[in-house]
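The structure appears below as structure tokens.
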Amino acid sequence: MSTETILVERAEGVVTVTLNRPERKNAGNGRMWQELLDTLAEVWRRREDRVVVVTGAGGSFCSGADIGDPAGVSGDPTDPHFVRMRFFGKVMLALHELPKPTIAKIRGVAAGAGMSLALNCDLTVASDNARFSEIFAKRGLSLDGGSSWLVPRLVGLHKAKELAYFADMLSAEEAAAYGLVNRVVPDGELDAFVEDWARRLAAGPPIALAMTKSLLDNAMTATLAQALEDEARCQTINFATADTGEAMRAFAEKRAPRFEGR
């Protein structure tokens, strides 16, 4: 699939999606969001794609939506604002609900929609030079991209209000202390660290990981009884897969399992 604003690379089950508008610090315009949505749909369909890494070119992750683009976030200047935002929400939901592990690899700034993009990934790994901000209030805007749902779940309601109201810029260490980032590593080690995590996930059991992701994403709104019922359903499916049989044989034979996603 040909793209103009993102780069897509595949290697051993890992799909690396690089936001590629470095002259704008990878601010997202309508073209970028559409290309990201199309790429996620393609990854969803491809069995050989097991993990997605989202990152940015030129030393920045994503500075937010390109509010200077007259076409707006949907790429169509005739769209009403509500239509534009619903399209943008569709992109973020596609990332959040992708039934495969996702990792945000963050250098430089992740602000506004860029921060939302990172938080919609399952895991976030930041360089020690990364910076984060829910910048919306400084632009006369409220939260979007799912941040109003994600941030309180990650940091708690009062801290989320602080981050949203003041829109301060956080260092990578501050973001990690708040629970917004899984790991902070020296910039020179970021690529190798994320590659290791991605390859480990790509070698994992795709069906089981997809169901684990769903269970955890639903945990905040499910009752314990519902969670136990969902777990029972998922384990029943797992026991019927070739991957679980392979894992049991590998354990008995004292070797690493080879998962195929079936």
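Counting the sequence shown from 1 gives a position; this note's numbering is that position plus 23. All C-beta atoms, glycine included, are put in the ideal place defined by N, C-alpha and C. As the structure is a prediction and not an experimental result, all values here were calculated from the model.
For Arg33, the enclosing beta strand (DSSP E) covers residues Ile29 to Ala34. By the neighbour-count criterion, in which 16 or more other beta carbons inside 10 Å mark a residue as buried, Phe159 falls on the buried side. Taking 8 angstroms as the cut-off, the Cβ atoms of Val174 and Glu157 count as close.
A Cβ-Cβ contact shorter than 8 angstroms links Asp89 with Asn52. By the Cβ-count criterion, Asp219 is exposed, with fewer than 16 other Cβ atoms from all chains shown falling within 10 Å of its own Cβ.
It is roughly 7 angstroms from the alpha-carbon of Gly81 to the alpha-carbon of Lys48.
Here Ile230 carries a helix assignment [DSSP, helix/strand/coil]. In this chain, the beta strand (DSSP E) harbouring Ser156 covers Arg154 to Ser156. Within a 10 Å sphere around the beta-carbon of Ala195 sit 16 or more other beta-carbons, which makes this residue buried. Cα atoms of Met55 and Ser170: separation of roughly 19 angstroms, rounded to the nearest angstrom. Nearest in C-alpha terms to Gly179, of all of Tyr201, Phe189, Ala50 and Leu166, is Tyr201.
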